[in-house]
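In our numbering, the protein residues as written are 96 to 1003.
C-beta atoms are modelled at their ideal positions from N, C-alpha and C, and glycine is treated no differently.
This one's a predicted model, so the numbers in the text were calculated from it and none came from an experiment.
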Ligand SMILES: Nc1ncnc2c1ncn2[C@@H]1O[C@H](COP(=O)(O)OP(=O)(O)OP(=O)(O)O)[C@@H](O)[C@H]1O
């Protein structure tokens, strides 16, 4: 009788990894019994809760025992260790298998969320798969002799819709084929099914399979988390006396990192979607959604099992003859909020799926004979599989390392040459020396000469193959090796290149906590770094002459309090021969990377890799590149005043790219006279090819009809023809206001005249200050000057006077900014931030100045007006104070750093 079971779902939250700890991440997950809640880091009162069959807290409350096993730290700890997971989930799978049910265990979650840890495990913390296998053999040993058992083990990887046999040393180009059989459904043709008679044998097979997986397909380290791994155990019981057989198929699936679904989109790329890497995961999502809807009584006409390799192989596990469990692995960190939320939603859909499990049994004597025959055949096919896979440096001589079989240690991987490096063991010490120009990096630093290795040194050979050096026993300590993971090695490499969370400005916030957007950018950088290294290596081997580099782009420079708002990692691509430069977004790069891998695989297979430009992932047509942005205030235009400004164009690193002369004259729709503007400010982005992109803030609806100018998105204008005039038409409900505005205009003209005077005197003061600035040592002088500005403001008799002081300070800061920018990027950054704050404050003051006092007779209104004015003034004063003190701090820090640097260099 079919047994209708829902898919069982368990969620597990892992501890913070080192990078999350270093970045001061906050935990956004809480677990209470079977309810898992996730707290929105941007809005802590915003909580979403999910109920699953099981929820495991593995985030805290643990310690390491003498064998390195993570165990609960005390009676109050809620920590769920590997044994707990096996107890709740693994034992159930084994019970099912003994009863003759098929069973499937899937691990789903973003990269690094703990899927492999739960499934395979790490060191002494063995995961659910090895423990299931061990327990299976233990139970078999204790069974009576009237039964016979047959166990076969297979291990495959699905990458880019290709099936790779992880137990086979011979690689089949294009992968193994998935075929359909009326009785057994979908199966992989030619997959090695290894008969096993002990747990030790399975352990060896798993070790070998894992080793092949890391370097399978394109020899790239970074592909393993984009592939799905499926271990299948066929378990048959033959009851000799009763002539009954029972069989069960246990599928254990470590899915690819789920976040890739989104980030590999080819949006904005002229080339098609570069990969079918995600096809299996996307289809799995579609299958799960369809089955969940069917389980809720909706009419589902088609479940798309046939759309991908993974869903074909898991057909019985999803909605079919299997008892299925999903572990949703999640990260606790605030930075992973979006991914974690999407994992929880995915898991919620999965738990709705209903399966129809049946016991697989048979009763004929013929079947027994068949099975015996098959058993003998399989045992005879059993091949001896490779050794332990550890790389050992011989004590007696030098060990050469490289791709060629003539080496003592044969290593394969992207960028590893035939003869790559030599390890030498003399007097109890191991040294490494790279061959010729081969890439060898030790602890984040590239080496060119013979280098002595210390226990636990990190090595990268070629573009991206990472190793941890374990020294001779005498040098070993009881240090925890698990911290030296792939992320650690990448973060170390980034730090050696001068890239860190601090460098990105994470500590800029007042509360001292890293900004989530900065953390996200850092996270992206670390993840993209190995991909960029691989792309560069492929470019070299395919002779594409491209150099790719990661860059940080500031999207919005700062908010009104000067905090950096958003940063984004972009990829600068330069053609080494033509010097053409392209800027690729992260999704575009990921898309291209997949296409590059496809081309590279063809290259490795000896196929023709000549492609025309249009379909070459290493090529793009020349395009406009963002040079930088400048921010200007358009307030004056609202009063029909001409705008004349001279501002710096700052690039994404806050460095001056050019000086911009702005001259904007208000005009009507027909190009004559003046018009009304409802805009407050605008950012002007400059691109190569004379393209200017305007992003206007604070306006209602804008449109443009001018030739040569196109509206590319709401509020954004692109002007391709530099000669074309700039016309911005505001909401023209103006007729009724004309008279009123005319009056205003008259008054404003007087004020404008006054402002021009101020401007003149400021220019003089500016020149004077420039001369003054040259006389003094810049840092000390600037601090002093800021104190002066502050004093002036505090003593100022009127609003106009304060405005004048701020304008002067703002201009001075710009002057200083331009003079320092070239010599000190950090100083320029601090000044840029200060300048922007000054501009904001200046804008607020302009506003303040134009508020008109109500009639003097109306005491009530007058009081309100005064209160509001003084409130605004106070707020303004506070902002000013904080800006000045921040700049002072920044400057003091920079001065300190410089002094330290000088001292180090011995320059007094
Ligand atoms: N429950 C846990 N307890 C302790 N450490 C854990 C736990 N879960 C994960 N980790 C650690 O977190 C890191 C990432 O885990 P893991 O490699 O299992 O992630 P993953 O989801 O399989 O990533 P990928 O998709 O890249 O394969 C590992 O160093 C692992 O040791």
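Looking at 340, 647, 272 and 613, the one whose alpha-carbon comes closest to that of residue 256 is 272.
Counting only residues of its own chain and dropping the five nearest sequence neighbours on each side, residue 150 has a CB closer than 6 Å to the CB of 106, 126, 129 and 131.
For residue 634, the Cβ stays outside the 8 Å cut-off from all heavy atoms of ligand 1. In this structure, ligand 1 has a non-hydrogen atom nearer than 8 Å to the beta-carbon of residue 109. DSSP places residue 375 within a helical segment (H, G or I) once states are collapsed to three. Contact between residue 437 and residue 406 is absent: CB atoms are separated by about 19 Å, not below the 8 Å threshold.
Under the 10 Å beta carbon count, residue 197 is surrounded by 16 or more other beta carbons and is classified as buried. In the DSSP annotation of this structure, the continuous segment of the alpha helix (DSSP H) that includes residue 692 starts and ends at 681 to 699. Straight-line spacing of the CA atoms in residue 340 and residue 185 works out to 23 Å.
When beta bridges are read from the DSSP output, residue 739 appears opposite 758. Cα atoms of residue 221 and residue 561: separation of roughly 23 Å, rounded to the nearest angstrom. In chain order, 198, 330, 343 and 345 place their CB closer than 7 Å to the CB of residue 192, counting only its own chain and leaving out the 5 sequence neighbours on each side. In the structure shown, residue 670 adopts extended strand secondary structure according to DSSP, grouped into three states. Per the C-alpha coordinates, the member of 987, 726 and 541 positioned closest to residue 557 is 541.
For residue 516, the enclosing beta strand (DSSP E) starts and ends at 516 to 521. Relative to the non-hydrogen atoms of ligand 1, the Cβ of residue 100 never comes closer than 8 Å to any of them. Relative to ligand 1, the beta carbon of residue 205 is positioned inside 8 Å of a heavy atom. Counting every other CB atom within 10 Å of its CB across the protein chains shown gives residue 431 a total of 16 or more, marking it as buried. Annotated as proximal: residue 446 and residue 103, with beta-carbon spacing under 9 Å.
Of the other Cβ atoms in all chains shown, 16 or more fall within 10 Å of the Cβ of residue 743; this residue is therefore buried. In the three-state reduction of the DSSP assignment, residue 703 falls in the coil class. Scanning the segment 385 to 433 for uninterrupted beta strand (DSSP E) segments of 3 residues or longer gives 418 to 425, listed from N- to C-terminal end. The alpha-carbon separation between residue 724 and residue 979 amounts to approximately 24 Å. The criterion of a C-beta distance shorter than 9 Å is not satisfied by residue 514 and residue 539. In this structure, the straight-line span from the alpha carbon of residue 253 to that of residue 566 is close to 36 Å. Secondary structure note for residue 452: it is in no alpha helix (DSSP H), and the uninterrupted beta strand (DSSP E) holding it is 449 to 452. Note that the C-beta distance between residue 121 and residue 389 is not below 9 Å. Between residue 715 and residue 663, the gap from beta carbon to beta carbon reaches 9 Å or more.
In this structure, the straight-line span from the alpha carbon of residue 395 to that of residue 385 is close to 6 Å. The segment 197 to 217 and the segment 408 to 426 touch, with no fewer than 3 CB-CB distances between them shorter than 8 Å.
Closest option to residue 381, judged by alpha-carbon separation, among 392, 402 and 393: 402. If you draw a 10 Å sphere on the C-beta of residue 862, you find fewer than 16 other C-beta atoms in it, and that means exposed. Rounded to whole angstroms, the separation of the alpha carbons of residue 240 and residue 336 is 10 Å.
From the listed residues 347, 284, 510 and 516, the smallest Cα separation to residue 502 is found for 516. For residue 563, the secondary structure class from DSSP, reduced to helix, strand or coil, is strand.
For residue 235, the enclosing alpha helix (DSSP H) begins and ends at 223 to 236.
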